[in-house]
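One structure is given here, and the rest of the page talks about it.
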Amino acid sequence: MWWVFVWEKGYQEVDSVVSSVTTKAKGVTVTNTSQLGFRIWDVADYVIPAQEESSLFIMTNIIVTMNQTQGFCPELPDKTSVCQSDSDCLAGSTNTHSSGVATGRCVPYNGTLKTCEVAAWCPVEDDSNVPKPAFLKAAENFTLLVKNNIWYPKFNFTKRNILPNITTTYLKSCIYNAATDPFCPIFRLGKIVENAGHSFQDMAIEGGIMGIQIKWDCNLDRAASFCLPRYSFRRLDTRDQDHNVSPGNNFRFAKYYNDLTGTEHRTLIKAYGIRFDIIVFGKAGKFDIIPTMINIGSGLALFGVATVLCDVIVLYCMKKRYYYREKKYKYVEEYEQGINNEMDQ
Amino acid sequence: MWWVFVWEKGYQEVDSVVSSVTTKAKGVTVTNTSQLGFRIWDVADYVIPAQEESSLFIMTNIIVTMNQTQGFCPELPDKTSVCQSDSDCLAGSTNTHSSGVATGRCVPYNGTLKTCEVAAWCPVEDDSNVPKPAFLKAAENFTLLVKNNIWYPKFNFTKRNILPNITTTYLKSCIYNAATDPFCPIFRLGKIVENAGHSFQDMAIEGGIMGIQIKWDCNLDRAASFCLPRYSFRRLDTRDQDHNVSPGNNFRFAKYYNDLTGTEHRTLIKAYGIRFDIIVFGKAGKFDIIPTMINIGSGLALFGVATVLCDVIVLYCMKKRYYYREKKYKYVEEYEQGINNEMDQ
Amino acid sequence: MWWVFVWEKGYQEVDSVVSSVTTKAKGVTVTNTSQLGFRIWDVADYVIPAQEESSLFIMTNIIVTMNQTQGFCPELPDKTSVCQSDSDCLAGSTNTHSSGVATGRCVPYNGTLKTCEVAAWCPVEDDSNVPKPAFLKAAENFTLLVKNNIWYPKFNFTKRNILPNITTTYLKSCIYNAATDPFCPIFRLGKIVENAGHSFQDMAIEGGIMGIQIKWDCNLDRAASFCLPRYSFRRLDTRDQDHNVSPGNNFRFAKYYNDLTGTEHRTLIKAYGIRFDIIVFGKAGKFDIIPTMINIGSGLALFGVATVLCDVIVLYCMKKRYYYREKKYKYVEEYEQGINNEMDQ
Numbered sequence: 000m001w002w003v004f005v006w007e008k009g010y011q012e013v014d015s016v017v018s019s020v021t022t023k024a025k026g027v028t029v030t031n032t033s034q035l036g037f038r039i040w041d042v043a044d045y046v047i048p049a050q051e052e053s054s055l056f057i058m059t060n061i062i063v064t065m066n067q068t069q070g071f072c073p074e075l076p077d078k079t080s081v082c083q084s085d086s087d088c089l090a091g092s093t094n095t096h097s098s099g100v101a102t103g104r105c106v107p108y109n110g111t112l113k114t115c116e117v118a119a120w121c122p123v124e125d126d127s128n129v130p131k132p133a134f135l136k137a138a139e140n141f142t143l144l145v146k147n148n149i150w151y152p153k154f155n156f157t158k159r160n161i162l163p164n165i166t167t168t169y170l171k172s173c174i175y176n177a178a179t180d181p182f183c184p185i186f187r188l189g190k191i192v193e194n195a196g197h198s199f200q201d202m203a204i205e206g207g208i209m210g211i212q213i214k215w216d217c218n219l220d221r222a223a224s225f226c227l228p229r230y231s232f233r234r235l236d237t238r239d240q241d242h243n244v245s246p247g248n249n250f251r252f253a254k255y256y257n258d259l260t261g262t263e264h265r266t267l268i269k270a271y272g273i274r275f276d277i278i279v280f281g282k283a284g285k286f287d288i289i290p291t292m293i294n295i296g297s298g299l300a301l302f303g304v305a306t307v308l309c310d311v312i313v314l315y316c317m318k319k320r321y322y323y324r325e326k327k328y329k330y331v332e333e334y335e336q337g338i339n340n341e342m343d344q
Numbered sequence: 000m001w002w003v004f005v006w007e008k009g010y011q012e013v014d015s016v017v018s019s020v021t022t023k024a025k026g027v028t029v030t031n032t033s034q035l036g037f038r039i040w041d042v043a044d045y046v047i048p049a050q051e052e053s054s055l056f057i058m059t060n061i062i063v064t065m066n067q068t069q070g071f072c073p074e075l076p077d078k079t080s081v082c083q084s085d086s087d088c089l090a091g092s093t094n095t096h097s098s099g100v101a102t103g104r105c106v107p108y109n110g111t112l113k114t115c116e117v118a119a120w121c122p123v124e125d126d127s128n129v130p131k132p133a134f135l136k137a138a139e140n141f142t143l144l145v146k147n148n149i150w151y152p153k154f155n156f157t158k159r160n161i162l163p164n165i166t167t168t169y170l171k172s173c174i175y176n177a178a179t180d181p182f183c184p185i186f187r188l189g190k191i192v193e194n195a196g197h198s199f200q201d202m203a204i205e206g207g208i209m210g211i212q213i214k215w216d217c218n219l220d221r222a223a224s225f226c227l228p229r230y231s232f233r234r235l236d237t238r239d240q241d242h243n244v245s246p247g248n249n250f251r252f253a254k255y256y257n258d259l260t261g262t263e264h265r266t267l268i269k270a271y272g273i274r275f276d277i278i279v280f281g282k283a284g285k286f287d288i289i290p291t292m293i294n295i296g297s298g299l300a301l302f303g304v305a306t307v308l309c310d311v312i313v314l315y316c317m318k319k320r321y322y323y324r325e326k327k328y329k330y331v332e333e334y335e336q337g338i339n340n341e342m343d344q
Numbered sequence: 000m001w002w003v004f005v006w007e008k009g010y011q012e013v014d015s016v017v018s019s020v021t022t023k024a025k026g027v028t029v030t031n032t033s034q035l036g037f038r039i040w041d042v043a044d045y046v047i048p049a050q051e052e053s054s055l056f057i058m059t060n061i062i063v064t065m066n067q068t069q070g071f072c073p074e075l076p077d078k079t080s081v082c083q084s085d086s087d088c089l090a091g092s093t094n095t096h097s098s099g100v101a102t103g104r105c106v107p108y109n110g111t112l113k114t115c116e117v118a119a120w121c122p123v124e125d126d127s128n129v130p131k132p133a134f135l136k137a138a139e140n141f142t143l144l145v146k147n148n149i150w151y152p153k154f155n156f157t158k159r160n161i162l163p164n165i166t167t168t169y170l171k172s173c174i175y176n177a178a179t180d181p182f183c184p185i186f187r188l189g190k191i192v193e194n195a196g197h198s199f200q201d202m203a204i205e206g207g208i209m210g211i212q213i214k215w216d217c218n219l220d221r222a223a224s225f226c227l228p229r230y231s232f233r234r235l236d237t238r239d240q241d242h243n244v245s246p247g248n249n250f251r252f253a254k255y256y257n258d259l260t261g262t263e264h265r266t267l268i269k270a271y272g273i274r275f276d277i278i279v280f281g282k283a284g285k286f287d288i289i290p291t292m293i294n295i296g297s298g299l300a301l302f303g304v305a306t307v308l309c310d311v312i313v314l315y316c317m318k319k320r321y322y323y324r325e326k327k328y329k330y331v332e333e334y335e336q337g338i339n340n341e342m343d344q
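Protein chains in written order, with numbering that gives the first Met the number 0: chain A, 0 to 344; chain B, 0 to 344; chain C, 0 to 344.
What follows is the structure in C-alpha cells.
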C-alpha cells in the first residue's frame, strides 16, 4: 500500500513526452573500384534523403547501374525469364520481380543463356551479388550528432539532450560512451551497432535499422537537473535466416541526366544502408492531489478486506461462533413481544 | 466489480507500443503518351522520396512541365493575371497562386488572351486539367511489403509482423487478405484502398492518403504467440466536395539539368499520388500487483455504499426507526449519573 | 472527491489521438546575386525534401558551391590543415571536420597561406560566413497549409482540422490568426515564428525548428462540434550562445550532372532553413462505467479515514476512553465462567 506510494509514485500525475529531433552526420571516405574509379564520399553523397524528421539513413553498400536508358534488353535470368523460344515469353506480361514489361521475344542474355526481352531501363540492374565487404565499410567511423528537445505539455516542462553544464569545447571533441561520456550526444556509428550487440561490418553489407532510444523519465518533484536523457541502442530489424524476404534495409533511387540529343539517361542506385531511428520516450511525474486521493482511497479500502475476513472466521469457523453471533446480532422479536404485552393490558 | 477484473483486466499493468517500420514497393508499368512517349516506370521512378520513415508515397498521376528555364513569360490566365494593358500589371507584385513575380508588362498568352508577364521558370506549369484516368493507373497492381517491429519497453517484449511460423516461400507468393491471409505483410495497393471502401482509380487521379493501421493488443500473461498484429485500412484524407481546397494529395519537385552553355534547365513534376501511412498502435497488459490492489480496493469500497444506504433506510425511513436508533446509539449520560452517585456517597 | 468527478472527469474513459498530416507551402520570390544571378525561387526549389510525413523544411538561406568535381585541392584553412611543408600533412588522414582525405602534400591555399591537399569534391565548400540577411528572407511571407485528420480508435471518432462550417472561399483567402481566425489552417511563416516569440529574420539566417502544435482535447459526451483543434507555436531548437555546436538547422545535398566527357559534376548546396514539425496531441474522454466505479470507490474509501480517526481519538485520547473501550469491546471471559458454572453442577 505505502509501496504504491513511495515506489510507484501513486501520488503523482504523469504525462508522456513530446519530442523533436535533428540529426547531423559527419565523416568522409574514399573508395577505388573498377566501376566507379577513385571516388570520395561525403555527407551529401551517402545521406539519403538529405533530411528526415527523426531518422537518418547512412548508405553503407551500393549497387550502381550506370547510364540506363529506356529501351529493350534481355531480362535477368531466373526461373520465369529463361526461355528457348519466343513462345516461352508472353508479351505484355510482368510479375513482382521483373524489371520491365515483356515484349514477347526471346533474346540471348549471354553466350550460353537466352531470356525474355523486356521493355525497361536498360541495361537492367543485376543485384544478384552484393559487394562483400561493404562498399563504404569506413562508415563505421562516421559520427552522428543527435539534437533532441523534449516537452511535457501537462507540466509545460522542456529540456534538451545537450545539457546546460556541457561546454562547446567538450561537444566538439566528445564521443558517446555509456561509461565515460553518458551525456555526449555525438555517437560513433560503429559503437552504436556494437552497443546493440551486433557487428557493424556484417550489418553494413545488407543494411539494417538501428534504434537510438532516448529515455526521459523525470520526477518533476525534484530539480530539473535530475531529469536526464538515458541512451540505449537496439537493432530494430530482426535477422533470422529463415525469414529473410528482402533482408536488411535497402531501396532504389536514380539520378537523371539528359544527353545532347535530349534523351534521358539515369544512374540507378540500389542503396543498402543503416537507418538510425531516434526513438524518444518516457514519462514525467509530478505531485497532484487527485491521484493521491484515489490511491489513498483504494489503499484504505483494502483494510476493509481485513474486517470482512475477521467476521467470516469468527462467525462461521470458530467453535464459539454461536455466542459471537448472538452478541453480534440483536433480534427484533423480543421488541415485538413488548408491544403485544402493552396491548394486552 | 469482478467485471472490471475479468473483462477490463484491472489486474494488469499496461504499456503502449514503440514501433519501427520499413516499407518496400514492387511493380513496373509502361505508359505511352504524346508528351513523354513510350516509357517504363519502375520503383525508382514512382516512389518519391526514395525512403521515408513510416510512410511511402506512390505516384499515380503526373503533370510534367519539361525543360523550364529561368526567364520571362506570360502568367497563367486567372481573374488576377488577365490584363488589357501594362497598367493592369503591378511590377514586382506576387500572390499566393502566382507562378512568378510580375514584371509589369502585359503580354499575349495566346491568340485571344493577354496576361501579365512574370519572371519565373518558363514556361509556367499549366495544371488546370489533371489527366483522367490516372497516368499510372496500373499502380493498382503494385505490391507493398511492410516490415514492422514492435517493442513494449515496460515488459521488454519485442515482436515483428513477420511471424515465426511464416515460411519464406509463403512470403514470396502471398498477398494480404483479411479472410485467407490475415498475417501476410504484403499488400496489393488496389486491395488496400478497396478495403477502406474507396475506389483506387478515383483516388489515383488526385491522390490521397491511406492509413495502414497495425494494431498490437497483447495480453502478455498469455503466450507470446497470441500477440498478433491486426491490419486495418482507412482513408485519412476526407474528401468532401465543399471543402476541396487543394484536394487529394500532391506536391511538386524538379529534376535539374545543365546544358552545354551551362544554363540550368529543370523538368518540373507535379506528382499526384497516394501516401501510405503505416500507423502502429496498441497496448500490452501484464499482471501486476499494484493495479490489482488499487482495483480491488476501489471495488471493495463500493460495498461501503450498501452499508451507508442500509443505515439511512433503517434509521430514517422505517416505522420502527426509533427503536433501531436506540439500539444503535449508546448514550453517555447514564454513565455520568453513575459517577455522580458515587460522589454522593 | 466530487471535484475528481466534475473537474477531472473521473467518470470518463480516455484515449489518445492518432493523427495524419499533410502540408503544402505556397509562395515565390526572386533573388539577384553575383554568384547565381537573377533567379526565381518557387516551391520546387526551396522545399526539401519535396515531401515529408508530418514536417516541412523551408530553405531560407543557402551556401552554394557550384561545379564540384572529384579531384585534389587545398583543404580549408583551420588549426589542423594549415601547413608549412608536406611533413605537416599525414597522407590518408581525415578527421570529423575535414572535407576530404589528405594526400600528404602541402599546397598553397592562397597567396599567403598553405594548407594540406585533400582528395575531395573540389573546390571544397567554404561555409565560414553565412549570408546575412538570409538569402531567401522573403520566405517570411510564404504560406503553409496544414491538413490534419485525427482519429480516436477507442471511440472510433474521426475529425479533421478543416471544420465543416468553413467554406472554400474562406479557405482560399484566410490566414491563421489566434484572435480573428483561430480555425484557419493556413499559416504565414513569419507569423508562426512571431507567435512563438522569435524573429523570423534572425531564425532564417542559421535556420531552426518550429513546432506547430495542434491540440485536440475532446469531451465526447458533448457534441462533436465542440471538439476543436487548438493551434500553438513553439521553437523546438533552443538557441543559447554557449552551446551552439552546429547551431540552427542545416543540411547538405547535391545536384549531380554529367558533362560531355561523362565526368560527374555536382552543385553542393548547404541549405539553412526552418523545419516546421506538426505535433498533434490530445486526449478524448467519454463516459464509461468502469472508471466511474473505480473513482467512486476510491472516493468513498476516503470516508473510511474519518471513522478510523474518530476511533483513534475516542479510544486513546479522551479522558473517558476506558468507558468507551468497555462499551466498544465485549469480553469473552464472562462467557467462559458461564460454561464452568454449568460444569460445577
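Idealized CB from N, CA, C, for every residue including glycine.
The structure presented is a predicted model; accordingly, all values stated were derived computationally and were not measured.
Residue i versus residue j: straight-line alpha-carbon distance, rounded
{"i": "Gly281(B)", "j": "Ser15(C)", "result": "11 Å"}
{"i": "Ile185(A)", "j": "Pro152(A)", "result": "27 Å"}
{"i": "Val13(C)", "j": "Lys214(C)", "result": "15 Å"}
{"i": "Val46(A)", "j": "Arg221(C)", "result": "49 Å"}
{"i": "Asn66(A)", "j": "Leu35(A)", "result": "12 Å"}
{"i": "Lys171(A)", "j": "Trp40(A)", "result": "22 Å"}
{"i": "Lys136(C)", "j": "Gly206(C)", "result": "11 Å"}
{"i": "Gly272(A)", "j": "Tyr169(C)", "result": "47 Å"}
{"i": "Glu263(C)", "j": "Asn257(B)", "result": "12 Å"}
{"i": "Ile155(C)", "j": "Ala223(B)", "result": "This sequence places Asn at residue 155(C); Ile is not what is there. For Asn155(C) and Ala223(B), the distance between alpha carbons rounds to 27 Å."}
{"i": "Lys23(C)", "j": "Pro228(C)", "result": "19 Å"}
{"i": "Leu259(C)", "j": "Leu259(A)", "result": "8 Å"}
Beta-carbon proximity list for residue i, same chain, < 8 Å, skipping 5 on both sides
{"i": "Val100(A)", "result": "Gly91, Ser92, Thr93, Val117, Ala118, Ala119"}
{"i": "Val17(C)", "result": "Ile149, Trp150, Tyr151, Pro152"}
{"i": "Tyr175(B)", "result": "Pro181, Cys183, Pro184, Ile185, Phe186, Arg187, Lys190, Tyr230"}
{"i": "Ala177(B)", "result": "Asn194, Tyr230"}
Residues sharing a beta bridge with residue i, DSSP
{"i": "Glu139(B)", "result": "Partner(s): none; Glu139(B) has no beta bridge."}
{"i": "Glu12(B)", "result": "Lys285(B)"}
{"i": "Trp150(A)", "result": "Val17(A), Thr157(A)"}
{"i": "Phe280(A)", "result": "Lys214(A)"}
{"i": "Leu55(C)", "result": "Phe275(C)"}
CB-CB length for residue i against residue j, believed under 8 Å
{"i": "Cys72(A)", "j": "Pro122(A)", "result": "6 Å"}
{"i": "Asn60(C)", "j": "Ile204(C)", "result": "6 Å"}
{"i": "Ser98(C)", "j": "Val27(A)", "result": "7 Å"}
{"i": "Arg38(B)", "j": "Gln69(A)", "result": "6 Å"}
Residues near residue i in its chain [Cβ-Cβ closer than 7 Å; skip 5 each side]
{"i": "Asp85(B)", "result": "Gly103, Arg104, Cys105"}
Chain-order list of residues whose beta-carbon lies under 6 Å from that of residue i (same chain, five-residue window excluded)
{"i": "Ser19(A)", "result": "Asn148"}
{"i": "Ala133(B)", "result": "Thr59, Asn60, Ala203, Ile204"}
{"i": "Leu267(C)", "result": "Thr64, Gln67, Glu124, Ala253"}
{"i": "Arg251(A)", "result": "Lys269"}
Could you tell me which uninterrupted beta strand (DSSP E) segments, each at least 3 residues in length, are contained entirely in the stretch 158-189 of chain C, listed from first to last along the chain? 185-187
Extract the residue ranges of the beta strand (DSSP E) inside the stretch 65-107 of chain B, only unbroken runs of 3 or more that lie entirely within it. 100-107
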